[in-house]
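First the structure, in the form of structure tokens, and then the observations on it.
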Amino acid sequence: HEWVRQEDDIATIGITDYAQSEIQDIVFVELPDVGTQLTHKTEFGVIESVKAAFDLYSPVSGEVVEVNESLLDEPEQVNESPYEDGWFLKIKMTDPSELEALFDANQYQAHIEAEHA
634 HEWVRQEDDI
644 ATIGITDYAQ
654 SEIQDIVFVE
664 LPDVGTQLTH
674 KTEFGVIESV
684 KAAFDLYSPV
694 SGEVVEVNES
704 LLDEPEQVNE
714 SPYEDGWFLK
724 IKMTDPSELE
734 ALFDANQYQA
744 HIEAEHA
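Per our numbering, the very first residue in the sequence shown carries number 634; after that it's consecutive.
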């Protein structure tokens, strides 16, 4: 349930509002170092809530160029602002065409509704 915002060849990645509401009170975030090479669907980090831990997977391949360090001290930003302050990392994509396989916002909403129908 990650989201991606593309700006040229940079992908900003976080989790959706739906995901954070299901996970609830996030108390810990573990993220990779800048310079880490990620491939599509590989694990890049962990988030922990008061009830469980969840692995995070990269929706695209590339190099981590920025990590949201503020989440290390304030992981609750993921709950409070998943699309703005609560983003996880920025990746310089090696294959932007991987974005074509992802849901857009409307498709994602329909997918969530179908799961709960």
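Using N, Cα and C, we set each Cβ at its ideal position, and we do this for glycine too. These figures come from a predicted structure and were not determined experimentally.
Asked                                                                                                     : Found
Straight-line gap, valine 660 to aspartate 728 (C-alpha atoms, nearest Å)                                 : 33 Å
Validate contact between the stretch 697-706 and the stretch 737-744 using beta carbons, cut 8 Å, 3 pairs : no
Three-state secondary structure assigned by DSSP to tyrosine 651                                          : helix
Bounding residues of the beta strand (DSSP E) (the contiguous stretch that carries serine 682)            : 676-682
Euclidean distance between Cα positions of leucine 732 and histidine 673                                  : 10 Å
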